[in-house]
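Some notes on the structure that comes next.
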Amino acid sequence: MGGVSKLLDTENPVFCAFITCGSILVLKMMCMSILTGLQRIKYRVIASPEDVELFKGKPAVASHPDVDRVRRAHLNDLENISIFFLAGIGYALTDPNPSVAVALYRTYTLARIAHTIVYAVYVVPQPARAISWLIGYGITGYMAIHTIKYFCCGH
Amino acid sequence: MGGVSKLLDTENPVFCAFITCGSILVLKMMCMSILTGLQRIKYRVIASPEDVELFKGKPAVASHPDVDRVRRAHLNDLENISIFFLAGIGYALTDPNPSVAVALYRTYTLARIAHTIVYAVYVVPQPARAISWLIGYGITGYMAIHTIKYFCCGH
Amino acid sequence: MGGVSKLLDTENPVFCAFITCGSILVLKMMCMSILTGLQRIKYRVIASPEDVELFKGKPAVASHPDVDRVRRAHLNDLENISIFFLAGIGYALTDPNPSVAVALYRTYTLARIAHTIVYAVYVVPQPARAISWLIGYGITGYMAIHTIKYFCCGH
Numbered sequence: 006m007g008g009v010s011k012l013l014d015t016e017n018p019v020f021c022a023f024i025t026c027g028s029i030l031v032l033k034m035m036c037m038s039i040l041t042g043l044q045r046i047k048y049r050v051i052a053s054p055e056d057v058e059l060f061k062g063k064p065a066v067a068s069h070p071d072v073d074r075v076r077r078a079h080l081n082d083l084e085n086i087s088i089f090f091l092a093g094i095g096y097a098l099t100d101p102n103p104s105v106a107v108a109l110y111r112t113y114t115l116a117r118i119a120h121t122i123v124y125a126v127y128v129v130p131q132p133a134r135a136i137s138w139l140i141g142y143g144i145t146g147y148m149a150i151h152t153i154k155y156f157c158c159g160h
Numbered sequence: 006m007g008g009v010s011k012l013l014d015t016e017n018p019v020f021c022a023f024i025t026c027g028s029i030l031v032l033k034m035m036c037m038s039i040l041t042g043l044q045r046i047k048y049r050v051i052a053s054p055e056d057v058e059l060f061k062g063k064p065a066v067a068s069h070p071d072v073d074r075v076r077r078a079h080l081n082d083l084e085n086i087s088i089f090f091l092a093g094i095g096y097a098l099t100d101p102n103p104s105v106a107v108a109l110y111r112t113y114t115l116a117r118i119a120h121t122i123v124y125a126v127y128v129v130p131q132p133a134r135a136i137s138w139l140i141g142y143g144i145t146g147y148m149a150i151h152t153i154k155y156f157c158c159g160h
Numbered sequence: 006m007g008g009v010s011k012l013l014d015t016e017n018p019v020f021c022a023f024i025t026c027g028s029i030l031v032l033k034m035m036c037m038s039i040l041t042g043l044q045r046i047k048y049r050v051i052a053s054p055e056d057v058e059l060f061k062g063k064p065a066v067a068s069h070p071d072v073d074r075v076r077r078a079h080l081n082d083l084e085n086i087s088i089f090f091l092a093g094i095g096y097a098l099t100d101p102n103p104s105v106a107v108a109l110y111r112t113y114t115l116a117r118i119a120h121t122i123v124y125a126v127y128v129v130p131q132p133a134r135a136i137s138w139l140i141g142y143g144i145t146g147y148m149a150i151h152t153i154k155y156f157c158c159g160h
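Protein chains in written order, with the numbering used here: chain A, 6 to 160; chain B, 6 to 160; chain C, 6 to 160.
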């Protein structure tokens, strides 16, 4: 056929899984802002000089290891999840096997949630963080390569 | 029905509003690079060691609070607007009420422009920045939850 | 017509070029994580305190200029490529001249690959990095403005 309008369809389980998992990841990344805010309040770490008034009467500091940790986890999300959004939608348009595709989207989402937990909520010794990161990384790479082969090299 | 091809359509005001607001936000984020560059020139702050030659004859420094401020505003854009792109397109595909959807896209865009102004152009005391950030945060969260309910839990 | 379903089609060379170039940029950004990891191992720079066990028996340090350089290049990718993803798909939906559109997508992709090479692989004196950055910046801006004019101001 060649048309993708049947793929971008609420009847297509692959597309529904991508949009659902993508939206869950959006909410997960929004939690990072709340986590950062909670750590800032706990340790009285200000983001910007004008925020010092929010801690009036108490001395505010410029950084704390627990704030930095959440910030690193958030930046890691940006580095990994923003490219998953493009790779994931490209992969959905290659008309993949629905069971495989849905499983990959769900695994990716769970791996990123696990990554956040072991990195920034309950710190677990390595290689917990490395493994959860690698699962997401591998899925993104597989989807990007699969998409290039499909759209560039004929189908 | 189930088809979304009528939603991804230049006749659909919701989709047009999303693409237009998204492109305005792209231009807004591009302004952050210019703002950073102007602050770097003003305070002779280099981004990388090889840039020292761009300030020949004048001493260059590694950082300045006004450069750091624009960088923080830019990173806040990345953290918030990149997830809005996915939440916004998912929400457009749920066939929302057009008036509500267009109003949400426009409000989000104005809130993020206001956030940049009060954070990095004319620094306004808190809670100006907190309020503008929260409006965008709330809209993104609403869109993501609405999208999950629509695509995951039946429609 | 107004319908975009014929534009979001594997028969449309503009859409295929966008998805292919976007996926190549995803892989390019994934390389930044590998580059960072290699530099971390080389200079024994840890990302997080719990990673110290990965370098057991050897002292680990908190930062090194070559690690910071790759991190800056990665952040520059995030700032520029994540907005290209939205501008690029918006532009594809404006039914542009196929030859121009395909050339712009390919030029953008090559410019960003060149930017990474001169910034983080073989450091080349300025203005190599500035030029490669500016090409990508200009293309993103052109696409965003073209999209706004098409979707907002009638077509």
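Think of the CB as a built atom: it goes at the ideal place given N, C-alpha and C, for glycine as much as any other residue.
Source: prediction; values computed, not measured.
Same chain, Cβ closer than 6 Å to residue i, neighbours up to 5 away in sequence not counted
| i | result |
| --- | --- |
| R19(B) | Going by the sequence as given, residue 19(B) is Val instead of Arg. Same-chain partners within the cutoff: A97, P103, A106. |
| F89(C) | T145 |
Where residue i meets chain C, residues with beta-carbon distance less than 9 Å
| i | result |
| --- | --- |
| M148(B) | The contacting residues do not exist; M148(B) stays about 15 Å from chain C at best. |
Close beta carbons around residue i, own chain, < 7 Å, minus the five adjacent residues each side
| i | result |
| --- | --- |
| L91(B) | none |
| T152(B) | A92, G95, Y96, T99 |
| I144(A) | L109, T112, Y113 |
| D14(A) | F20 |
| A119(B) | S137 |
Beta-bridge partners of residue i, as assigned by DSSP
| i | result |
| --- | --- |
| V50(B) | V66(B) |
| D56(C) | D56(C) is not bridged to any residue. |
Proximal residues of chain A, C-beta to C-beta of residue i below 7 Å
| i | result |
| --- | --- |
| Q44(B) | Near Q44(B) there are no residues of chain A at all, since even the closest Cβ is about 15 Å away, more than 7 Å. |
| L139(C) | Correct list: empty, because the minimum Cβ distance to chain A is about 22 Å. |
Cβ neighbours of residue i in the same chain (closer than 8 Å, five flanking residues each side left out)
| i | result |
| --- | --- |
| F60(C) | R49, I51 |
| G66(B) | Per the sequence shown, residue 66(B) should be read as Val rather than Gly. Cβ within range, chain order: Y48, R49, V50, I51. |
| R45(B) | I51, A52, V72 |
| M37(B) | V75, A78, H79, D82, T121, A125 |
| L12(C) | V19, F20, A97, L98, D100 |
| N85(B) | R117, W138, G141, Y142, T145 |
| V123(C) | V129, A133, R134, S137 |
| G7(A) | Confidence at G7(A) is low in this model, with a pLDDT of 47, below 50, so the placement of that residue should be treated as unreliable; the coordinate-derived value is given next. Closer than 8 Å at Cβ, skipping near neighbours: no residue. |
| C158(B) | none |
| K63(C) | R49 |
| A22(A) | A106, V107, Y110, R111 |
Within chain C, the residues that residue i reaches when beta carbons sit closer than 8 Å
| i | result |
| --- | --- |
| C157(A) | C21, T25 |
| Y142(A) | M35, S38 |
| A67(B) | Chain C residues near A67(B): none, gap ~11 Å exceeds 8 Å. |
| T145(A) | V31, M35 |
| D56(B) | Q131 |
Of the residues the options, the one placed nearest residue i, counting alpha carbons only
| i | options | result |
| --- | --- | --- |
| A116(A) | I29(A), N17(A), P70(A) | I29(A) |
| G27(B) | S87(C), P54(C), W138(C), V128(C) | S87(C) |
| V128(C) | A133(B), D56(B), H69(B), M35(B) | D56(B) |
| L32(A) | M148(B), L43(B), F23(B) | M148(B) |
| T41(A) | A22(A), H69(A), K63(A), I150(A) | H69(A) |
| P130(C) | I118(B), I150(B), P54(B) | P54(B) |
| F156(B) | N17(A), T25(A), D14(A) | T25(A) |
| I39(C) | D14(A), A135(A), K154(A) | A135(A) |
| M35(C) | I150(A), F23(A), N17(A) | I150(A) |
Partner residues on chain B for residue i, Cβ-Cβ distance less than 8 Å
| i | result |
| --- | --- |
| L83(A) | L83, E84, S87 |
Contact list for residue i against chain B, beta-carbon separation under 7 Å
| i | result |
| --- | --- |
| I153(C) | T25, S28, I29 |
Within chain C, the residues that residue i reaches when beta carbons sit closer than 7 Å
| i | result |
| --- | --- |
| P101(A) | Within 7 Å Cβ-Cβ: nothing; P101(A) doesn't reach chain C, min ~13 Å. |
| F90(B) | L91 |
| L59(B) | Q131 |
| V128(A) | E55 |
Chain-ordered neighbours of residue i on chain B, where CB pairs are closer than 9 Å
| i | result |
| --- | --- |
| R77(C) | A52, S53 |
| R117(C) | Those within 9 Å of R117(C) in chain B number zero; the least Cβ separation is about 14 Å. |
beta-carbon residue i near the ligand ZN non-hydrogen atom, thresh 6 Å
| i | result |
| --- | --- |
| N81(B) | Looking at this structure, you won't find the ligand ZN or any other ligand, since it has none at all. |
What residue ranges within the region 58–144 of chain C form continuous alpha helix (DSSP H) runs of no fewer than 4 residues, ordered along the chain?
Counting only runs of 4 or more, we get 70–97, 103–121.
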